[in-house]
Amino acid sequence: MLSRTIFLSHFFLKTDMDNPTEINSVFWNEEKKSWDHKMIKVEEYHGFVECQQCRRPLSHNIKTDGEFKVVYVECGCSRR
Ligand SMILES: [Zn+2]
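Residue 38 in numbering that gives the first Met the number 0 is what sits at position 39 of the sequence shown, and the numbering runs on without skipping anything.
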């Protein structure tokens, strides 16, 4: 029973956005006056917040450069 629970939680962790090593974050570029992208290295992955509309990740909770950060990404409905 216990090993089954561990297997299942491991399984969900793996399928749940399978711990990305890099995230293509979106941010407002003040110089260009437009949205820009930047690859952010993921040291530790701590899950994501999903978009209420398209159910895709909207932001990821990660550790990068020794700091915990919330990294925003483009969800499915932010693309025009
Ligand atoms: Zn969305």
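C-beta atoms are modelled at their ideal positions from N, C-alpha and C, and glycine is treated no differently.
Pair within 8 Å by beta-carbon distance, residue i and residue j
{"i": "V98", "j": "I39", "result": "Since the first residue of the chain shown is 0 and the last is 79, residue 98 is not available in this structure."}
{"i": "K62", "j": "E49", "result": "no"}
{"i": "P56", "j": "C74", "result": "yes"}
Distance between residue j and residue i (C-alpha atoms, nearest Å)
{"i": "E29", "j": "N23", "result": "18 Å"}
{"i": "I5", "j": "S58", "result": "Reliability of the predicted coordinates at I5 is poor, the pLDDT of 43 falling under 50, and the value obtained from them is presented with this limitation in mind. Roughly 26 Å between the two C-alpha positions."}
{"i": "C53", "j": "F47", "result": "14 Å"}
{"i": "C26", "j": "D35", "result": "Note that residue 26 is Phe in the sequence shown, not Cys. Answer to the nearest angstrom: the Cα atoms are 5 Å apart."}
{"i": "N60", "j": "Q51", "result": "17 Å"}
{"i": "D64", "j": "N18", "result": "17 Å"}
{"i": "E66", "j": "Y44", "result": "12 Å"}
{"i": "E21", "j": "K32", "result": "25 Å"}
{"i": "V72", "j": "K37", "result": "10 Å"}
Where the beta strand (DSSP E) containing residue i begins and where it ends
{"i": "G46", "result": "E43 to E49"}
{"i": "D35", "result": "S33 to K40"}
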